[in-house]
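Right, one structure below, let's go through it.
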Amino acid sequence: MKIKHLLPSLISVRACLHSAKRKTSLFCPRLIAASLYLVAPLSYAQTIETAVVDTLSSVEEEMLSDDSNFTFTESQLGENDDITSDVIHINSTTNVYASQISWAWTGIWFKYRALDNAYNDVYMNGVQVNNPENGRFTYSTIGGMNDAVRNKDDVGPFDPNNFSFSAIGGSSNYNLRASQMAADHKVTLSGTNRNYTLRGMYSFGTGLSNDGWAFFGTVGYRWSNMQTANVKGTFYNSFSYFMSVQKVINEKHSLNLATWGSPTERATAGASTDEAYWLANDYQYNPYWGYQGGKKRASRIVTTFEPSVLATWDFKINEDMKLTTSAFLKIAKYRSTKLNYSGTNPHPDYWKRFPSYNYDVWGREGDYNYDADAFWTSHENWQDEHYRQINFDELYFANTQLNKIGADAIYWIEARHNNHLMSNLSSTYDWNINKDMKFSAGIQLLSNRGSHYRTIDDLLGGEFFHNTNTYLVGDYQQTSTEAMYDVNHGYQKIIEGDRYGYDYDLWNQDIKLWTNFSLQRKITHNYITAKLGGRRMWREGFMRNGLFQDNSYGKSGKAHFLDGGVKLGSVINLGKGHGVNVGLAYEQKAPGASVAFMCPEMNNDYVLALKNEKVFSSELGYAYFGRWFRLNLTGYYYRVNDANEWQQFYNDDSNSFSYNSLTGVKREYYGVELGVKIKLTSSLTLTALGTYSEAKYVDDTKVNWMSSTTGVINQEICHNKGMRQSGTPLAAASIGLNYRIKRWYLGLTGNYYDRIYLSYSPNMRYEKNLQNSGRYHAGEYDVPSQAKGNGGFMLDASIGRQFIVFRNPLSVNLQLCNLTNRRNISTGGYEQSRSNYSITETEGSGTEVTTKPRTYNFEKNPKKFYAQGFNFMLNLNYRF
Amino acid sequence: MKTKSFIIALMAGAFALTACQDKDWEVPDSIISQPPYGNNDLVAGPIVTIAELQTQFSSAISSDNYKQITDDLWLRCVVTGNDFGGNIYKQISVQDETAGIIIGINGSDQGAFMPVGQKLLISLKDLYIGGYGNQAQIGGLYNGGLGRMELSTWKQHVRLIMDGTEEAKAFGAMKVDTIDFDPNKTMAQQGGRVVRLKNVTISGDGTQIVAPDDGSVSLVSNCVNRTISGGNAGSKCVLRTSTYADFKGVALPKQPVELYGIATIYRGTWQILARTQTDLTWTK
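First to last, the sequence lines map onto chains F and W.
With the numbering used here, letter number 634 in the first sequence gets 634, and the count goes up by one each step, no holes.
In the numbering used here, each number is its position in the second sequence, counted from 1, plus 1000.
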């Protein structure tokens, strides 16, 4: 029995030593994990055979780790910051389900437990690096440096750990110490038909030298252009670097300095409606690019560079105690361009350009337009690629024509800047009290300044325009004070490079204390974790908005929040490989600055009734670890109360842009997860995964929304009860076979996804708008059902082999995804916020408001993303 | 040494590999010689003046009917009014040296693509002409009557004549005048033309601005019609301003003023459409 206790730990130790080429290290994360294993009862029953199965061959390990990094950090995670979708990277080592989903369900933007990325905490050498403004970590900031971020501890929400109060979406702690990196040279070359076409990486590590120094560095480059990228009109241009230097001063002290960055320029693709996909005959139709002078030009280009520095001091107080202290500094630059306008919407998939704008194709009863000629004219136009893409020449022409009469440009490319200066300090104390008791505690201090402003990137042939709120022109004179975005600069002419519209900083300052105590007691392993935190935030405006002259320039008042939580868990070893785990937690989370202000682009006002978010979470799991069979079955229930959400969109009913704050949001998440691994033969393994979950709003929500034309806050009820979390399948299953023999690795996996909801539109469900759309009858609201995307089946395969070339290993692996070329599986999207009717004043008095139905049906035309059809990645890496 | 080499390689790689793909884009040269709006392949055929056109189709115009133009007729004209100020909606007014006319186009931002002063060559064949409230208009069919033509149709039938090009020389000088409004002139003489009204009074009905949308005045198709009297206005003349006009908030004058606009007639009443706030500067 004792051997069974120790084996997993020993394996982890062995893997750790292997990864460091057997260089001595006092701070190996797997050693830490191993020590946890020593007290993890679920590993008791693990036998020698299963342990061997779990130790991947090097070629497979290479493939899977490359794959998970590729698919998450480069293909999906954080790549679309302008889209709300993001994916949590959970890879708990003790759970079959959690350990597999991070790479099994990559093609579909699967979100762990349907949770937003903000519910996943990311640490580096113990310091938390999530952006406190929105709670998210942008995985693309560590893209292209796979070898540097391979060492990490992933823990589930109820996995005990020694670096955090784990988030409900799990937590990861990257170990960036140079001595932990592989001590060799490695060259990686990849070819693919995904976001980028080519990738090259080189890494070099010294391991820990006799005099206590270690160095590790990696550089990478990922590339595609408009001719080679998978989605038309996109490109990818990313360099990445990572360097880490460690000095082990003596047996007690070690210092490490790491720095990394990934300057990236990439053109993004946009979602569109099924009508557009059908007309373009392409599920990857991208409306964000066009032709200029016969050449392709992208309108939405994201440029990011987030150079980071992390200093770590490891202090081994004695054999049982250690203290890890890290200081982190990041200077993040994020810039995203967008075609903007003050005239007619120039986007090719603007609703008035579609055939169904001219002819009601939905067969509704009512006064709809049936202009068949216009329908077919539009249909014919859409067959021309120049029509269904942006016509930059026309935009330039309009602006140059306006130059002749001295008028403002009406089309331009703007750049939205979201920069951050983030500094964090953390210290973690770890104490093995005795073989049955462990204690850890930590403190995190954080300060973040988010600088948000908008500049003119390209005036598209125009000479200037004025820094005025064009939505207000009409109600106010164009030159009026009210219409000015910045009264301090008057009726200001803006040229390329100038800031306009808004310019403000959001400050977050946090302090967090956490502690963790675990106790081994007979057949149970129990733990309790608690945290306590404080947050302070404020806004500082650098423009005096004409509508809010007294509360837009300068600093707002400071808001203070006190939050905290407690988590209890127990793992019970029932013997003979059976185990049960249970966990309960309650926490309060302070709101981030991204949802705390009513309209940060215009003024300093906080959202009304802003509160801490309350989160209750629970989990009950069963596990069986046998000789040839492993199983995990887990059920969970999360309840979130008083959550805060914030959106901005064009509001048809007020004919203005609107800023919407949803407060007191109630959501619940629950579901079951199953992971099974069966060793059919010594070289053939079958893995089955499945989840069926629910993630929805449990009640209607209060809304405060402000119109950009009046500055008045309106109150509403949003009938969002029953709306589901979007952008992820709420049901997914997969079954896969892995075959390993000698130096070969073969894999075949079938995945099925279903219940994929699109992001619901609050505006469509506002009480007043439901009334306007005729969905209120006899005291009852007929709330539109939430739009869904198609699920479906995908088949993936992979093959890999390791060769020995010049006495060194060369790994070659090929991943083939979506072999059946299913292109109609939706990965997410959103309902449009426009209304199915227009507001008109009645002839005569003008005091009565009536609605007129629109032929174009926004409810039936959500914007969607579709999964890529057949795609591949060929990967070669050579160690020497 | 290896570490040093690595750092040098890193620096070199950083500079070598991160060449920007989104280059600095220049104004395409072709947009002057070949405007990306309209049909650059059009070559003028038999030219007709606006006055001749209105005479040829006078019966359809005066009876609020319409006819399709079946002859190969070409119009050379200059834009005098458009949607730039938000008051004229999906229409432009054009003039030549003989008269003016309204053209209905189902498209926006005409003021940007065809600013006031833009010279146009229009192929009239297959377009429709007729009357709306007796005002002459060129357009297309909509719901069995004369309406706006589709933007794609318009783009097939119009060529923008750019200054400095060979086509502009062939176009020649075209003198387009602003005339003093005369209530006694006919639609053919004055409709669709830029007019000046002098020493006229605009009714306020107790309100302060030209086109309020707060219910304080009656709206007709989202427009406010204010009676213009005195001066050279005659007895049936209104200032017609949309509540979507950029200048809807212009304060009403309290004394007689001068104003400009496009004169259109609707069943015997002259409607003056100001194009931008400049037309309502209220000079005395």
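Where a beta carbon is used, it is the ideal one built from N, C-alpha and C, also for glycine.
Proximal residues to residue i (C-beta, below 6 Å), its chain only, five neighbours per side dropped
i	result
N161 (chain F)	V155
G217 (chain F)	F204 and M243
N432 (chain F)	D320 and K438
T524 (chain F)	S570 and I572
N95 (chain F)	N632
Length of the line joining the Cα atoms of residue i and residue j
i	j	result
C1077 (chain W)	V1176 (chain W)	9 Å
A294 (chain F)	Y669 (chain F)	Sequence inspection shows Gly at residue 294 (chain F); the Ala mentioned does not correspond to that position. Roughly 50 Å between the two C-alpha positions.
L1127 (chain W)	D373 (chain F)	15 Å
Q725 (chain F)	V309 (chain F)	35 Å
F597 (chain F)	N604 (chain F)	7 Å
N714 (chain F)	N655 (chain F)	14 Å
T71 (chain F)	T851 (chain F)	Since pLDDT at T71 (chain F) reaches only 30, below the 50 mark, its modelled position is unreliable, and no value is offered.
M537 (chain F)	G1204 (chain W)	51 Å
M1187 (chain W)	T1098 (chain W)	13 Å
R740 (chain F)	D211 (chain F)	41 Å
A214 (chain F)	D147 (chain F)	15 Å
S85 (chain F)	N117 (chain F)	Note on S85 (chain F): pLDDT 37, under 50, position unreliable in the model; the coordinate value appears next. Distance between the alpha carbons of S85 (chain F) and N117 (chain F): 8 Å.
Beta carbon proximity, residue i to chain W, threshold 9 Å
i	result
N286 (chain F)	no
D475 (chain F)	yes
Q246 (chain F)	no
I410 (chain F)	yes
Q227 (chain F)	no
N250 (chain F)	no
L255 (chain F)	no
Y396 (chain F)	yes
T141 (chain F)	no
I405 (chain F)	yes
L445 (chain F)	no
Buried versus exposed, by CB contacts within 10 Å (16 or more), residue i
i	result
K679 (chain F)	buried
W278 (chain F)	exposed
K531 (chain F)	buried
S773 (chain F)	buried
R136 (chain F)	buried
S1033 (chain W)	exposed
A258 (chain F)	buried
E482 (chain F)	buried
N281 (chain F)	exposed
R539 (chain F)	buried
D121 (chain F)	buried
I1272 (chain W)	buried
P29 (chain F)	Summary for P29 (chain F): the model assigns pLDDT 38, below 50, so the residue's position carries little reliability; its value from the coordinates is reported in the next sentence. Result: buried.
D486 (chain F)	buried
Opposing strand residues paired with residue i [DSSP bridges]
i	result
G1261 (chain W)	W:V1195
A815 (chain F)	Note that residue 815 (chain F) is Gln in the sequence shown here, rather than Ala. Answer is F:S798 and F:M873.
K1119 (chain W)	W:V1078 and W:I1161
G1130 (chain W)	W:Y1066 and W:Q1137
D153 (chain F)	F:N173
Any chain F beta carbon closer than 9 Å to residue i
i	result
G1130 (chain W)	no
C1237 (chain W)	no
K1169 (chain W)	no
C1077 (chain W)	no
P1035 (chain W)	yes
A1044 (chain W)	no
V1257 (chain W)	no
D1126 (chain W)	no
S1093 (chain W)	no
Contact set for residue i: own chain, Cβ-Cβ below 8 Å, skip 5 residues either direction
i	result
V712 (chain F)	M706
N824 (chain F)	Y283, N790, G792 and Y866
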